[in-house]
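**Q** Sequential numbering of the sequence shown, starting at 86, is according to our numbering. Glycine included, every Cβ here is placed at the ideal spot set by N, Cα and C. In this text, all values refer to a predicted model and were calculated from it rather than measured experimentally. Mind having a look at this structure? Questions to follow.
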Amino acid sequence: MGAAMRRIHVGNALSAFGLGFTVPYLYVYVAQVRGLGAMTAGLVLAVFAVAALIVLPFAGRAIVRRGPLPVLLVALVTAAVGALSLGLSNSASTVLVSASALGAGQAVMQPALATMIVDCSTMENRSRAFAMQFFLQNLGLGVGGLIGGHLVDPTKAGSFVLLFAIEAAMFLLLVVVMATVRMPRAPRVEGAPAASTKGSWKQLLGNRAMVQLCVLGFVLFFACYGQFESGLSAYGVEAAGISTSALGTALAANTLMIVVAQFAVLRFVERRKRSRVIASVGLIWAVAWAVAGYAGLGNGSQTMATAAFISTYALFGLGESLLSPTLAPLVADLAPAGMAGQYNSAFALVKQLALAVGPAVGGPLGASLHGPYVVIFLLFSLGITVLAVRLGRQLTEVQNQPSLARSRVVVQGNAAAGQAPAHA
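This is the structure in structure tokens:
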């Protein structure tokens, strides 16, 4: 990795650390520590999703026109202001305004950082760069949540003020780190700003492969990430009788699987077609939902049910490890020159929509309709496989398997070398 890529990965880790540092404790902080009630706490969590949905379409336009680094710096400062003001807020109105600033800043960070990775990588090493990003994001989230959990005390508001102040300082530190990044000169879309904006969205929606990828992405995030902390956990507690400690163990198993498997699967991913890798993820997650069905609907012992439920989260982690070096590089390879920011923001918008809809649908289903819940999301997982196969028909050979481009270069180079003596 070059110096720029190293700093970008530090940025990914620090931003994830800040997110894991405070978000798990927002509900307790707003509802109990500040005494604003469950309704306000729920609105704060909703504000994060709404703020992301509002700013992401504009973030893509700004990244295309101004470049990812200036947009990232503005997002970091916005998030730092939001975090600090959230820690000092006492009323519902100030809490909601602060949460919207923090949510908007954090939402813009991801497409900006992803575009910087695209600008600092090539098609050959992009999968490894995004795999490293995903690894560091999970590591940052885990470490941040662990440290934050030891710092907070629900009986002391000052501990939460310290928590949010540290998060704000982390974002400002990241501003200093990222300000030193020297980005390579990336192509920019020429033309009038208004025409460029309209044309960029029209061009994106006219790209059938990108549209299909967005549909596939929505189903992926809806059926997996949108269920982790809502429907699947509710199903585990209500149907399988999983304890809160076992639920924490399941989440840890998911993270551990990602940490262990992420780089082990890279060689497998790089030698396979991306559409087939995504299709295999659908099959793995279908097995995961079947195992979850056994945990909640089977007649085995509680120990077996707990082990099956933990295995479900581990299988989801294996699928995530296969996706991280596949999805994001594919978005970048589908984007025309200079449009990576627009495409990354559009895909992030799809992800946010899925993460907003997923808990709202899965939570009630998982808590009450146990059998239908498992069957529905097992079918969604099989749908991922079908959509991935269809997407593969829209991709060029190199887009679907970048290693082919490297192989062709080697073959052409060897052919040229073999012809040299004849010309001489």
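Under the criterion of a Cβ to heavy atom distance below 7 Å, does residue 330 qualify as lining the ligand SAM?
**A** Ligands in the displayed structure: none, and consequently the ligand SAM is not present.
**Q** Would you report the Cα separation of residue 277 and residue 478, rounded to the nearest angstrom?
**A** Summary for residue 277: the model assigns pLDDT 34, below 50, so the residue's position carries little reliability; its value from the coordinates is reported in the next sentence. Distance between the alpha carbons of residue 277 and residue 478 is about 35 Å.
**Q** Going straight from the alpha carbon of residue 163 to that of residue 475, what length do you get?
**A** In a straight line, the C-alpha of residue 163 is about 40 Å away from that of residue 475.
**Q** Confirm, please, whether the CB-CB distance from residue 140 to residue 193 is below 8 Å.
**A** Their beta carbons are under 8 Å apart, which means residue 193 touches residue 140 by this criterion.
**Q** Between residue 497 and residue 356, what straight-line distance do the alpha-carbon atoms span, to the nearest angstrom?
**A** Note that residue 497 scores a pLDDT of 43, beneath 50, so its modelled location is shaky and nothing firm can be said.
**Q** State the Cα-Cα distance for the pair residue 173 and residue 246, rounded to the nearest angstrom.
**A** Looking at the two C-alpha atoms, the distance is approximately 6 Å.
**Q** To the nearest angstrom, report how far apart residue 485 and residue 325 are at their CA atoms.
**A** Rounded to the nearest angstrom, the two C-alpha atoms are 40 Å apart.
**Q** Per DSSP, what kind of secondary structure is residue 484 in: helix, strand or coil?
**A** Looking at residue 484 - three-state DSSP - the assignment turns out to be helix.
**Q** Could you tell me if residue 153 is buried or exposed, where buried requires 16 or more neighbouring beta carbons within 10 angstroms of its beta carbon?
**A** Per the 10 Å Cβ criterion, buried.
**Q** So what does DSSP say about residue 411, is it helix, strand or coil?
**A** Reduced to three states, the DSSP call for residue 411 is coil.
**Q** Which of the three DSSP states is assigned to residue 276 in this structure?
**A** The predicted position of residue 276 is uncertain, since its pLDDT is 39 and thus under 50; a value taken from the coordinates is nonetheless stated next. Coil, per DSSP.
**Q** Of the choices 184, 394 and 293, whose alpha-carbon is the least far from that of residue 333?
**A** The shortest Cα separation from residue 333 among 184, 394 and 293 belongs to 394.
**Q** Rounded to the nearest angstrom, what separates residue 151 and residue 121 at their Cα positions?
**A** Straight-line Cα distance between these residues: approximately 40 Å.
**Q** Can you give the beta carbon distance from residue 469 to residue 367, rounded, assuming they're within the 8 Å contact cut?
**A** About 3 Å; that satisfies the 8 Å criterion.
**Q** If you count every other CB in all the chains shown that lies within 10 Å of the CB of residue 238, and 16 or more means buried, which is it?
**A** So residue 238 ends up on the exposed side.
**Q** Would you kindly work out how many angstroms separate the C-alpha atoms of residue 317 and residue 181, rounded to a whole number?
**A** Cα to Cα, residue 317 sits roughly 28 Å from residue 181.
**Q** Please report the distance separating the alpha-carbon of residue 358 from that of residue 472.
**A** Their backbone Cα atoms lie some 14 Å apart in a straight line.
**Q** So, using beta-carbon positions, are residue 93 and residue 251 closer together than 8 Å?
**A** Result no, Cβ atoms of residue 93 and residue 251 do not sit closer than 8 Å.
**Q** Am I right that residue 186 and residue 156 are in contact with their C-beta atoms under 8 Å? What's the rounded C-beta distance?
**A** Contact doesn't hold; Cβ gap of about 16 Å is too wide.
**Q** Is it buried or exposed, residue 513, if we count other Cβ atoms within 10 angstroms and call 16 or more buried?
**A** Residue 513 is absent from the structure shown; the chain starts at 86 and stops at 509.
**Q** Might you give, ordered along the chain, the residues of its own chain that have their beta carbon closer than 6 Å to the beta carbon of residue 168, omitting 5 neighbours on each side?
**A** Only 187, 249, 252 and 253 meet the Cβ criterion.
**Q** Would residue 435 and residue 302 qualify as a contact pair, given that the criterion is a beta-carbon distance under 8 Å?
**A** Yes, the pair counts as a contact, with Cβ atoms nearer than the cut-off.
**Q** With a CB to CB cut of under 6 Å and the five nearest residues on each side skipped, what residues in its chain are close to residue 211?
**A** 414.
**Q** So, helix, strand or coil for residue 343, using DSSP?
**A** Helix.
**Q** Taking 8 Å as the threshold (C-beta atoms), are residue 215 and residue 409 in contact?
**A** In contact: residue 409 and residue 215 (Cβ atoms closer than 8 Å).
**Q** Rounded to the nearest angstrom, what separates residue 219 and residue 348 at their Cα positions?
**A** Going by the C-alpha atoms only, they are around 11 Å apart.
**Q** Quick one: give me the first and last residue of the alpha helix (DSSP H) that residue 240 is part of.
**A** Neither: residue 240 is in no alpha helix (DSSP H) and is coded neither H nor E.
**Q** Please name the residue in 145, 107 and 353 whose C-alpha comes closest to that of residue 488.
**A** When each option's Cα is compared against that of residue 488, the closest is 353.
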